[in-house]
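Numbering follows full-length UniProt numbering, in which position 82 of the sequence shown is assigned residue number 82; successive positions increment by one, without gaps.
Just below is one structure, and these are the notes that go with it.
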Amino acid sequence: MVEMTREEFEDAVRDALDEIPRDLAAQIDNVVVLVEDDAPADDPELLGLYEGTPLTERGSWWAAGALPDRITIYRNPTLAICETREDVVEEVVITVVHEVAHFFGIDDERLHELGWA
Numbered sequence: 001m002v003e004m005t006r007e008e009f010e011d012a013v014r015d016a017l018d019e020i021p022r023d024l025a026a027q028i029d030n031v032v033v034l035v036e037d038d039a040p041a042d043d044p045e046l047l048g049l050y051e052g053t054p055l056t057e058r059g060s061w062w063a064a065g066a067l068p069d070r071i072t073i074y075r076n077p078t079l080a081i082c083e084t085r086e087d088v089v090e091e092v093v094i095t096v097v098h099e100v101a102h103f104f105g106i107d108d109e110r111l112h113e114l115g116w117a
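Printed below as a string of structure tokens:
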């Protein structure tokens, strides 16, 4: 397990978000990205989670009082599977891209095909 402070891990998440191409990043609206130490008890190895309504499923009704979508990146499960800090940075990028892709309506099957799962 790699040792990394929460602040360092949050910096890695922030850096991963900065790697999203500007054209795509400009389309991300009403989304909050959070870092939590532990994944949910029912899936303790989960690295990230998107909760919300993907762009592909939004209709005219969506904007009326919609709460922000949430992307949560889980620190301890990520640190547990990595051997180096560089591995953590790489895994955070993969996880952030994976969860942002869900926001855009890309499912796990397609992400596997693209190498982002």
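Note that beta-carbon positions come from the ideal geometry of N, C-alpha and C, so glycine has one too.
Here the structure is a predicted model, which means the values were calculated and not measured.
Identify the residues that DSSP records as bridge partners of residue i: which are they?
i      : result
Glu-51 : Arg-70
Val-31 : Asp-69
Glu-36 : Tyr-74
Since residue i is in the beta strand (DSSP E), which residue starts that stretch and which ends it?
i     : result
Val-2 : Val-2 -> no beta strand (DSSP E), and no H or E assigned at all.
If you draw a straight line from the alpha carbon of residue i to that of residue j, how long is it in whole angstroms?
i       : j       : result
Ile-106 : Val-93  : 17 angstroms
Asp-42  : Ile-28  : 29 angstroms
Glu-19  : His-112 : 20 angstroms
Leu-114 : Trp-61  : 31 angstroms
Gly-59  : Glu-99  : 21 angstroms
Arg-70  : Pro-21  : 20 angstroms
On the DSSP letters alone, give me the boundaries of the alpha helix (DSSP H) that residue i sits inside.
i       : result
Ala-25  : 22-25
Ala-101 : 85-103
Arg-110 : 108-114
Could you check what DSSP says for residue i in three-state terms: helix, strand or coil?
i           : result
Glu-57      : helix
residue 201 : It is not possible to answer for residue 201, since the shown part of the chain is limited to 1 through 117.
Ala-41      : coil
Leu-46      : coil
message: Quick check: the segment 46-61 against the segment 11-18, are at least 3 beta-carbon pairs closer than 8 angstroms?
response: Short answer: they don't touch.
- prompt: Is it true that the segment 27-41 meets the segment 70-83, where meeting means three or more beta-carbon pairs spaced less than 8 angstroms apart?
  reply: Contact holds: three or more Cβ-Cβ distances are below 8 angstroms.
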